[in-house]
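Reading through the structure tokens given below for one structure.
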Amino acid sequence: MLTPVPQAITLLGDTLLAVWRGIRRGWQFRPQDFARILADASARALLIVLVVNVLVGAIIAFVGAVQLLKFGAGIFVADLVAIAISREMAAVITAVVMCGRTGAAFAAELATMQANEEVDALTVLGLNAVDYLVLPRVLTLLLMMPLLYLFGCVGGLLGGFAVSSSLLDLAPIAYFDRSVAALTYTHLGLGFFKSMAFGLLVSLAACFHGLHAPRNAAGVGGATTHAVVTGIVGVIALDAVFAVCADALGL
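Written out as structure tokens, the structure reads:
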């Protein structure tokens, strides 16, 4: 069980070195490949991210409204949704969705290349697989996850508003006024930083399992499964670490 840990640390180090080489000497991967990966992890993933976050915002508002109505504090549902979505749920839910969608695709693609010996072909040609295969995927999720997080926040607020307006008869101006008041830079900044960390985790987990997959069809399926499981568990564990650190820092 401990064997993959040094390999994962090695991949992280190689990725950081590849970023440094790219900054100093220019990126080695093809712009066409990067554009394809970027489109797949951004515009094509936006709809499912929005839908899931709208539903999560609606669920939070429904649960909060049922309880807060007992105390005559239904207006504070807007605060609850805004803080929960911006601080926790938008980043976590978006990361889980991207792990199951884009992370699985990354792992399956790299595992197939490994089975077809395409990764070995790059090495024989004197090309670094991390520069050509891992780095564009890591950069893609680092760039796109914060943007998807912002769209997730908007979707969650809209979902909460839909439930609040139907259950509590809240005026739109009252709901959004409370939401804006609750959305501080601390909550948004914490969620934004979480989304970047989750993007790095999901991309590295997918690339790691894809590059270390057995060279057969079962290996491709196993790599995809391991990438999704590792990514989701890693996101939840990392979010717990963020929660503890934020509490210790008083954020």
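Residue numbers (my numbering): 107 to 357. Just so it is clear, CB atoms sit at the ideal spot from N, CA and C, and this is done for glycine as well.
Under 7 Å, do Thr-330 and Ala-214 count as touching if we go by C-beta distance?
Position 224 of the sequence shown holds residue 330. Position 108 of the sequence shown holds residue 214. Yes. Within cutoff.
Does the pairing of the region 282-292 with the region 179-188 give three or more beta-carbon distances under 8 Å?
yes
Which whole runs of the alpha helix (DSSP H) in the region 243-321 are 4 residues long or more, in chain order?
278-288 and 291-317
Taking 8 Å as the threshold, find out whether the region 223-231 comes into contact with the region 189-203 through three or more Cβ pairs.
no
Within a Cβ cutoff of 8 Å, which residues of the same chain sit near Leu-306, ignoring the five residues on either side of it in sequence?
Here the question's residue 306 lines up with position 200 in the sequence shown. Closer than 8 Å at Cβ, skipping near neighbours: Val-244, Leu-247 and Leu-248.
How do the region 131-144 and the region 234-241 stand: do at least 3 beta-carbon pairs fall below 8 Å, yes or no?
yes
Within its chain, find whatever has a CB closer than 7 Å to the CB of Val-334; leave out the 5 residues flanking it on each side and keep chain order.
Position 228 of the sequence shown, counting from 1, holds the residue named residue 334. Excluding residues within five positions, the ones whose Cβ falls inside 7 Å are Cys-205, Gly-206, Gly-209 and Ala-210.
Cβ contact (3+ pairs, closer than 8 Å) linking the region 167-182 and the region 271-282
yes
What runs of the alpha helix (DSSP H), each 4 residues or longer, lie entirely inside the region 136-189?
137-146 and 149-174
Run the CB neighbour count on Val-160, radius 10 Å, all protein chains shown included, and call it buried at 16 or more, exposed below.
Taking the first residue of the sequence shown as 1, we reach residue 160 at position 54. Looking at its Cβ environment, which holds 16 or more other Cβ atoms inside 10 Å, Val-160 is buried.
Verify whether the separation of the beta carbon atoms of Val-203 and Val-158 is less than 7 Å.
By 1-based counting over the sequence shown, the position of residue 203 is 97. By 1-based counting over the sequence shown, the position of residue 158 is 52. The answer is yes: Cβ separation under 7 Å.
Does DSSP put Trp-133 in a helix, in a strand, or in coil?
In the sequence shown, the residue the question calls residue 133 occupies position 27. In this structure, Trp-133 counts as coil in the three-state DSSP scheme.
Taking the alpha carbon of Thr-116 as the reference point, which residue from His-332, Cys-351, Cys-313 and Gly-163 has its own alpha carbon closest?
Translated into the one-based positions of the sequence shown, residue 116 becomes position 10. Looking at the Cα atoms, Cys-313 is the closest of the given residues.
Look at the alpha carbon of Ala-217 and the alpha carbon of Val-326, and state the distance between them as a whole number of angstroms.
As a working note, residue 217 is residue 111 in the sequence shown. As a working note, residue 326 is residue 220 in the sequence shown. Looking at the two C-alpha atoms, the distance is approximately 5 Å.
Express the C-alpha separation of Ala-352 and Gly-261 in angstroms, rounding to a whole number.
Walking along the sequence shown from the start, residue 261 turns up at place 155. Walking along the sequence shown from the start, residue 352 turns up at place 246. Whole-angstrom Cα-Cα distance: 25 Å.
Proximity below 7 Å, CB of His-293 to CB of His-315
As a position in the sequence shown, residue 293 is number 187, starting the count at 1. As a position in the sequence shown, residue 315 is number 209, starting the count at 1. No.
Limits of the unbroken alpha helix (DSSP H) element including Ile-199:
As a working note, residue 199 is residue 93 in the sequence shown. Looking at the DSSP string, the run of the alpha helix (DSSP H) that includes Ile-199 is 196-204.
Beta carbon of Met-195, beta carbon of Pro-252: below 7 Å?
Position 89 of the sequence shown, counted from the start, is the residue given in the question as residue 195. Position 146 of the sequence shown, counted from the start, is the residue given in the question as residue 252. No.
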